[in-house]
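One rule links them: number in this note's numbering = place in the sequence shown (from 1) + 852.
Report on the following structure.
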Amino acid sequence: GPHLRAGGGRQGGGGEGPSSCHILPLSGTTYLPYLTSPGSNLDECAEGNGGCQQSCINMMGSYECLCRDGFFLSDNQHTCIQRPEEGMNCMNKNHGCAHICRETPKGGIACECRPGFELTKNQRDCKLTCNYGNGGCQHTCDDTEQGPKCGCHVKFVLHTDGKTCIETCAVNNGGCDSKCHDAATGVHCSCPVGFMLQSDRKTCKDIDECRLNNGGCDHICRNTVGSFECSCKKGYKLLINERSCQDIDECSFDRTCDHICVNTPGSFQCFCHRGYLLYGLTHCGGEPETFCH
Ligand SMILES: [Ca+2]
Ligand SMILES: [Ca+2]
C-alpha cells in the first residue's frame, strides 16, 4: 500500500491497571496523556491527530502514526522525514534551493542560505533576517516569523513602506521654522503670511514685497520682516488704501499763508497783496519804505 507502517503506542506493555496513566513524548514540546487500557478503545487520534504529523490510525488500546510516500517515520514515531530523492544532486536544476545547494554525505541535498538569510520551513527558500542589511530597516529591526519587522526610534514613525522612518512634528517641530503638519510622507512645513518656504522645505524667509512692482506703493516701499510699508514723499499723504499718495492741500489749513495761498503738487506757494512783501515762505509785511522811517 502507499503507507509505511511504523510502531507507535503500546509502550510500557501490559500488566498495569486500567487507571494508570502514561505521558508519551510527542513531536516538539507537546505532551498528551494516554491511557493504556487494553479493554477500552479510546480514540487517541481524535485529539490533535494523536500528535502525528501526517496520518493517525486508531487501534484497540493504541494508535499508530503513518507517513505518506516519499517520507519515513522519525525515531520519535510521530514526525515524518522526507526521503532523499534518488540521484538528486546539486547539478540537477530541480534541486530547488533558493540560495545554496550542498550535497550531503548520505546522498541527497541540503539547501543553505547566504549570510543574513534563514532557511524557511520548506527547507528550500530563504527568508531575509535582520542580520542582512538590517533587514532593510532604517532604524530598528526585529526578526519575526513573517520576516524582519522594522521599527523606529522614539518620536519617529514608520513610513507606509514599512522600512523607513519619518520625522514627526513631535520632534523639534519637525525641523520646521514655523508651522508643522504630520503627513503620510513625513513632516510638512509651512510659513505665515509674508514669509516664503525655502528650497530646504523647512526654513521660512521674509518676502521682499518691494521687489515686485514697488509693492504697489505710489512712492516709497520699505520692506519689513513679515510685511512691508508704503510711504509718501514730503508734501503728500498716504491714502487709506496704504498704497496711494495724494498731494496735501496746504492751502486748506488756516493761516498757511498770510495773504494768498496757491497749492502745488507736493508743495504750495504764498503770495502777498499788492504793496506787501513776502518774508520767509508765508509772511507778508509792509513795503520796505514803510519800515525805513
Ligand atoms: Ca517683507
Ligand atoms: Ca500741495
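C-beta: ideal position from N, C-alpha, C; glycine also.
| Query | Result |
| --- | --- |
| Anticipated Cβ contact below 8 Å, Y1128 with C1122, distance rounded | At roughly 11 Å, the Cβ-Cβ gap does not stay under 8 Å, so Y1128 and C1122 are not in contact. |
| Residue burial classification, G1132 (beta-carbon count within 10 angstroms, cutoff 16) | exposed |
| At least 3 beta-carbon pairs within less than 8 Å: the segment 1102-1114 vs the segment 1066-1084 | no |
| Beta-bridge pairing of M1048 - partner residues as DSSP gives them | K1057 |
| Whether G1078 touches P1044 by CB criterion (8 Å) | yes |
| Residues near G1138 by beta carbon distance below 7 Å, same chain, minus five either side | Y1128 |
| G903 burial status per 10 Å Cβ neighbour count (16 or more: buried) | buried |
| Pairwise C-alpha distance: N1024 and T1012 | 22 Å |
| Beta-carbon proximity list for C1069, same chain, < 6 Å, skipping 5 on both sides | C1082 and R1095 |
| Range of the contiguous beta strand (DSSP E) that encloses Y1088 | Y1088 to L1090 |
| CB of H1005 within 8 Å of CB of C1017, strictly | yes |
| Close beta carbons around T1148, own chain, < 6 Å, minus the five adjacent residues each side | Because the chain is modelled from 853 through 1145, residue 1148 falls outside the range shown and cannot be assessed. |
| Straight-line Cα distance separating C1113 from G1087 | 15 Å |
| DSSP bridge partner residues for Y984 (one or two, in chain order) | DSSP lists no partner for Y984. |
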